[in-house]
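Enquirer: Quick note on my numbering: the sequence shown kicks off at 18 and runs consecutively.
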Amino acid sequence: MKIGIIGGTGGMGEGFALRWCINHDIILGSRDKQRAQSVAENHMNAIKNTPLSEKITGSISGDDNLSVAKKSEILILSIPYENIQSTCKDIETVINSDCIVVSPIVPMGKNQDGFYYIPFVEENKSAGALVGENLPNSNKVVSAFHTISEVKLKNIESSLNADTFICTDNKESLQTLNSLISEIDGLRSVYLGPLSLSYQAEVMTPMILNASKQNKLKHPGIKLV
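Here it is as structure tokens:
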């Protein structure tokens, strides 16, 4: 599959690219096409120096965000919460009607007490709901990947040993994403329900960060047992 990542030059984009290029073509998106291409080349060089190099059948490339949106069968929005509306406005007319749009976005702030979930404090909408609302012609919006460690995701030679919580109104998209998740060693998909419940997954991220800071935990995740 062609998997695009808008905002793909960041840490999460790196982790997904290195994990999924074994079987898929990954396209990193940035407002700066040359930066995306340079980062993609660095990632390909990095993975070629690992034991996984012999298994690679896919690729990592870079392009501008709009081009990435046009090409992708699965499109991950690795962007800040405040950029959801502008990004969706830019891509809504160019994404394929069959494209699965994935939101790992967490509306999160920080005050003197610690990290907090913006919708609960400032009465805004969850990221998953906001993406769905701003892509009215897409019925394949999925909320996922909020609680996994970026550091562990990038360490492709280690197992995550964690769960990721999925919300979507489209069961076909759920099946496709479950297949992708199964390719990441140690990561399990746990379905929560429709996109309207996305806040239940998103709110766990500030909780994890507060627990990590207060208890000196290194890159924790969540696993249901």
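No residue lacks a Cβ here, since even glycine has one placed at the ideal position from N, Cα and C.
Going straight from the alpha carbon of E150 to that of P68, what length do you get?
Expert: Using only the alpha carbons, I get a separation of about 43 Å.
Enquirer: For G79, does the three-state DSSP call read helix, strand or coil?
Expert: Residue state, collapsed to three classes: strand.
Enquirer: Using a Cβ-Cβ cutoff of less than 7 Å, which residues in the same chain neighbour K88 once the five nearest sequence positions on both sides are dropped?
Expert: So the qualifying residues of the chain are K19, G21 and I44.
Enquirer: So, is L212 buried or exposed, given that buried needs 16 or more other C-beta atoms within 10 angstroms?
Expert: The residue in question, L212, is buried, as its Cβ has 16 or more Cβ neighbours within 10 Å.
Enquirer: Which same chain residues, not among the five before or five after R48, have their C-beta less than 8 Å away from its C-beta?
Expert: Answer for R48: D81 and N82, listed in chain order.
Enquirer: Within 10 angstroms of the Cβ of K171, are there 16 or more other Cβ atoms? Answer buried if so, exposed if not.
Expert: It is buried - the Cβ of K171 has at least 16 other Cβ atoms within 10 Å.
Enquirer: Answer yes or no: do I108 and A86 have a C-beta to C-beta separation smaller than 8 Å?
Expert: Yes.
Enquirer: If you draw a straight line from the C-alpha of I101 to the C-alpha of L194, how long is it?
Expert: Going from the Cα of I101 to the Cα of L194 covers about 21 Å.
Enquirer: For the alpha helix (DSSP H) holding M29, just list the boundary residues, first then last.
Expert: Where M29 is concerned, the enclosing alpha helix (DSSP H) stretches over G28 to W37.
Enquirer: Looking only at its own chain, which residues have a Cβ that is under 6 Å from the Cβ of F162, when we skip the five neighbours before and after it?
Expert: Once the five neighbours on either side are set aside, the close Cβ partners of F162 are P121 and T181.
Enquirer: Can you list, in chain order, the residues of its chain with a C-beta nearer than 8 Å to that of I39? Leave out the 5 residues immediately preceding and following it.
Expert: Answer for I39: L69, K72, I73, T74, G75 and E200, listed in chain order.
Enquirer: Taking the alpha carbon of R205 as the point to measure from, which residue in L152, Q192, L214 and T110 has its own alpha carbon closest?
Expert: The candidate whose alpha carbon is nearest that of R205 is Q192.
Enquirer: Assign L197 to buried or exposed, taking buried as 16 or more other Cβ atoms, counted over all protein chains shown, within 10 Å of its Cβ.
Expert: Flag for L197 reads buried.
Enquirer: Report the CB separation of V148 from L94 in whole angstroms; it is logged as a contact under 8 Å.
Expert: Contact flag correct, Cβ pair sits at about 7 Å.
Enquirer: To which residues does DSSP link K127 through a beta bridge?
Expert: Note: K127 sits in a beta bridge opposite F132.
Enquirer: Using 8 Å as the threshold, is the C-beta distance between L209 and C184 below it?
Expert: In this structure, C184 lies closer than 8 Å to L209 by Cβ.
Enquirer: Kindly indicate which three-state DSSP category S55 falls into: helix, strand or coil?
Expert: Correct three-state label for S55: helix.
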